[in-house]
């Protein structure tokens, strides 16, 4: 499949929804997804950034600026991932517990806005090796 075909496929999948919440960090993957979502869905696309305990000092500012540049609605949810069982202990499954908690927050926002889909910028390279966060996203 070519890049153009992949983008068209993703746009088609987005168009089949009534609206989406995009898990949004302001990085490359979530920015591409947010760009396509707002292009296809307009106001029915909302980017949501988690204000994490472990977020880089400029992380929230970057996400806000990028969302503004994209013209997508942007929300911020406070999320203290270090208070979750399995995260602060820094065990092998910490990413699973963190991502699972994050998606709980994203679904709360989605329900409040009447949006039935939550998406994230997982890419094919994220599927290689041990990725407990990806397993949580699928749940």
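In this note's numbering, the protein residues as written are 118 to 256.
From the three backbone atoms N, C-alpha and C, an ideal C-beta is built for every residue, glycine too.
As the structure is a computational prediction, the values presented were derived from the model and not from experiment.
CA nearest to the CA of residue i, picked from the options
i, options, result
"residue 162", "122, 147 and 120", "147"
"residue 234", "125, 164, 122 and 119", "164"
"residue 197", "134, 124, 178 and 170", "170"
"residue 124", "150, 137, 140 and 134", "150"
"residue 132", "180, 228, 157 and 230", "157"
Whole-angstrom distance between residue j and residue i, CA atom to CA atom
i, j, result
"residue 159", "residue 152", "10 Å"
"residue 189", "residue 144", "15 Å"
"residue 213", "residue 138", "20 Å"
"residue 186", "residue 177", "14 Å"
"residue 223", "residue 237", "10 Å"
"residue 166", "residue 118", "31 Å"
Assigned exposure category for residue i - 16 Cβ within 10 Å defines buried
i, result
"residue 155", "buried"
"residue 219", "buried"
"residue 120", "exposed"
"residue 173", "exposed"
"residue 225", "exposed"
"residue 215", "buried"
"residue 195", "exposed"
"residue 184", "buried"
One or two residues paired with residue i in a DSSP bridge
i, result
"residue 166", "193"
"residue 236", "139"
Inter-residue CB distance, residue i and residue j (contact presumed, cutoff 8 Å)
i, j, result
"residue 135", "residue 230", "In fact, because the Cβ distance is near 11 Å, the residues do not count as touching under 8 Å."
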